[in-house]
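Chains as they are written, first to last, in my numbering: chain A, 364 to 593; chain B, 364 to 593. Working notes, beginning with the structure itself.
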DNA sequence: GGTAATTAGTATCAAATCAATACTAATGTC
DNA sequence: GACATTAGTATTGATTTGATACTAATTACC
């Protein structure tokens with residue numbers, strides 16, 4: 364059952380295509396990525412988990428399986444982020460690599476032996492092709508978080524609104540206004556309050572919520588050119 | 364120089380990976396996609412231009428070259444939209460296909476022999492894997508249009524604001540409010556008025572503009588949950 | 001036990017944004 | 001020259017936003 368993934372020596376046979384996976388989790392107030400030992404050079408001793416692509420080519424399922432194997436748990440959300448190649452170095456001999464991003468809530472059970480979380484701001488050297496994948500993965504999370512329930516998948520099934528806001532701040536890389544955040548959240552009918560409160564040290568206990576999207580598409584807003592430019 | 368692309372018979376040799384390209388252009392008020400003759404079955408007689416991926420694997424450059432070859436002109440904008448496989452039928456024997464989307468202004472010079480524009484709402488039968496690519500391409504254009512200058516690449520170098528608005532309406536699939544559209548456009552400093560006007564039949568002549576982005580990132584807006592849901 | 005510190009959550013309000021409507025401007029058609 | 005037609009702008013009321021300041025409930029500390 365436990366598919367063998369990221370075995371650097373056995374996998375180093377020639378193959379046209381690899382499948383790499385960037386598994387992300389919150390690590391305190393930073394985003395962390397899972398790396399495993401082994402790499403293409405002496406200098407690059409860590410790498411993203413990867414596997415070779417079989418001809419059966421059930422891409423998404425392969426990615427989920429690989430992520431589960433490397434992280435010890437099935438990931439809470441997975442999405443393809445693209446194909447990378449263009450001559451950049453990779454732990455495998457593959458000339459093309461398919462990359463996926465996965466997210467998982469903080470602090471699951473123990474990781475498989477050797478695997479380790481690294482904060483994205485403090486990564487060890489990894490092969491350039493995988494470095495590009497990690498950057499793309501982080502950008503993808505940031506961009507997709509308001510069309511996919513990424514933030515909710517980074518949290519446990521129940522969470523406080525402050526925790527949710529912190530995940531948004533973590534992914535967006537900026538502070539968010541508390542009142543506005545909650546107003547928007549309420550208007551979107553995405554969460555449901557539980558009859559439970561959690562006391563975290565001093566201060567008033569926070570109510571717990573769960574992700575329970577209710578409503579449908581609304582806002583046809585005007586055109587936003589803001590992201591364009593230069 | 365003219366790389367041979369989409370030659371169904373020669374290309375049908377076995378290969379792990381193909382590179383397919385969805386070339387889009389405005390066609391009146393509809394979006395059109397370029398197809399070429401040949402397909403995997405009697406029923407599917409048209410297909411997206413595609414090529415096999417060489418081991419050199421300069422992915423983006425291969426895509427641009429393939430698009431230029433199939434469309435007769437270098438495309439104005441190209442972006443990878445993902446890898447597709449999962450067992451769906453494709454004109455090639457490739458188990459995995461890399462797809463790119465390209466855009467080109469309306470009505471270039473003549474197309475290469477056999478190639479033809481089809482409006483996306485009236486496509487002939489194509490192989491299922493390519494059908495998925497076309498759908499993904501259209502969605503990608505819609506989503507990326509406010510972070511990439513896609514709309515401007517679908518137009519000639521100079522254009523009227525009404526033309527620009529029509530491209531937005533075409534891609535967004537909905538009407539846009541004229542005054543709001545222009546107000547946002549002005550605030551974004553994306554276009555520059557020329558000293559030229561164009562008279563299109565009756566009515567007041569429209570001023571011509573060109574794409575000349577000036578300003579930098581502004582609007583840190585609040586969190587938008589609107590796209591999330593159900 | 002009481003007071004301060006701390007975190008959760010809400011209310012108020014001014015500024016910015018938006019979209020509907022109605023207007024002015026410049027051209028071709030008859 | 002009146003009118004239809006398209007370009008482009010002004011006005012206005014409604015909605016959204018974010019800053020500030022407030023209330024609420026708990027722990028820390030004396």
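Using N, Cα and C, we set each Cβ at its ideal position, and we do this for glycine too.
Judged by DSSP in its simplified three-state form, residue 561(B) adopts strand.
Sequence-distant partners of residue 536(A) (beyond 5 residues in either direction) whose C-beta falls short of 8 angstroms from its own C-beta, in its chain, are 505. Residue 430(B) has a beta carbon lying at 9 angstroms or more from every beta carbon in chain A. Here DSSP, grouped into helix, strand and coil, assigns residue 484(B) to helix. The C-beta separation of residue 379(B) from residue 457(B) comes to about 6 angstroms, placing the pair in contact by the 8 angstroms criterion. Closer than 9 angstroms to the CB of residue 391(B) there is not a single CB belonging to chain A. DSSP lists 381(B) and 447(B) as the bridge partner or partners of residue 460(B). Considering only 398(A), 449(A), 489(A) and 426(A), the residue with the shortest C-alpha distance to residue 416(B) is 449(A). Interface criterion not met: the Cβ of residue 485(B) is under 9 angstroms from no Cβ in chain A. Per the C-alpha coordinates, the member of 550(B), 469(B), 482(B) and 392(B) positioned closest to residue 439(B) is 469(B).
Under the three-state reduction of DSSP output, residue 395(A) falls in the strand class.
The shortest CA-to-CA distance from residue 393(A) to any of 428(A), 508(A), 382(A) and 530(A) is the one to 530(A). For residue 564(A), no Cβ of chain B is located within less than 9 angstroms of the residue's own Cβ.
Given a length threshold of 4 residues, each whole run of the alpha helix (DSSP H) inside the segment 499-587 of chain A is given here in chain order: 513-516, 524-535 and 541-551. Here residue 496(B) is buried. Its C-beta has 16 or more other C-beta atoms within 10 Å.
Taking residue 459(A) as reference, the option from 451(A), 556(A) and 399(A) with the minimal CA-CA separation is 451(A). Residue contact check for residue 500(A) against chain B: no CB pair falls below 9 angstroms. Sequence-ordered contacts of the segment 432-447 of chain A with chain B read 443, 445 and 446 [C-beta pairs closer than 7 angstroms]. Taking a contact to require three or more Cβ pairs closer than 8 angstroms, the segment 513-522 of chain A and the segment 473-480 of chain A do not qualify as touching. Interface residue (Cβ-Cβ distance to chain B less than 9 angstroms): residue 587(A) is classified as such.
With respect to the C-alpha of residue 401(A), the residue from 532(A), 488(A) and 539(A) having the closest C-alpha is 488(A). For residue 499(B), same chain residues with a beta-carbon under 6 angstroms away, outside a window of 5 residues either side, are 444 in chain order. Residues of chain B with a Cβ closer than 9 angstroms to the Cβ of residue 449(A) are, in chain order, 420, 421, 422, 423 and 424.
Counted as a single uninterrupted DSSP element, the beta strand (DSSP E) harbouring residue 415(A) occupies residues 413-415. Going by C-alpha positions, residue 432(B) is about 48 angstroms away from residue 518(A). Contact between residue 441(B) and residue 463(B) holds: CB atoms are separated by about 6 angstroms, below the 8 angstroms threshold.
With a cutoff of 9 angstroms on beta-carbon distance, residue 388(A) and residue 397(A) are scored as near each other.
For the 9 angstroms CB-CB criterion, residue 421(B) and residue 384(B) do not form a contact. For residue 388(A), the three-state secondary structure derived from DSSP is strand. Residues of the segment 540-574 of chain B with a Cβ closer than 8 angstroms to any Cβ of chain A, in chain order: 540, 543, 544, 547, 548, 550, 551, 552 and 553.
Residue pairing by DSSP places residue 468(A) in no beta bridge whatsoever.
A direct Cα-Cα distance of roughly 20 angstroms separates residue 552(A) from residue 584(B).
With its beta carbon less than 9 angstroms from one in chain A, residue 458(B) belongs to the interface. Here residue 403(A) is buried. Its C-beta has 16 or more other C-beta atoms within 10 Å. In this structure, the alpha-carbon of residue 405(B) lies about 14 angstroms from that of residue 399(B). In the DSSP annotation of this structure, residue 439(A) is not part of any alpha helix (DSSP H), being labelled neither H nor E.
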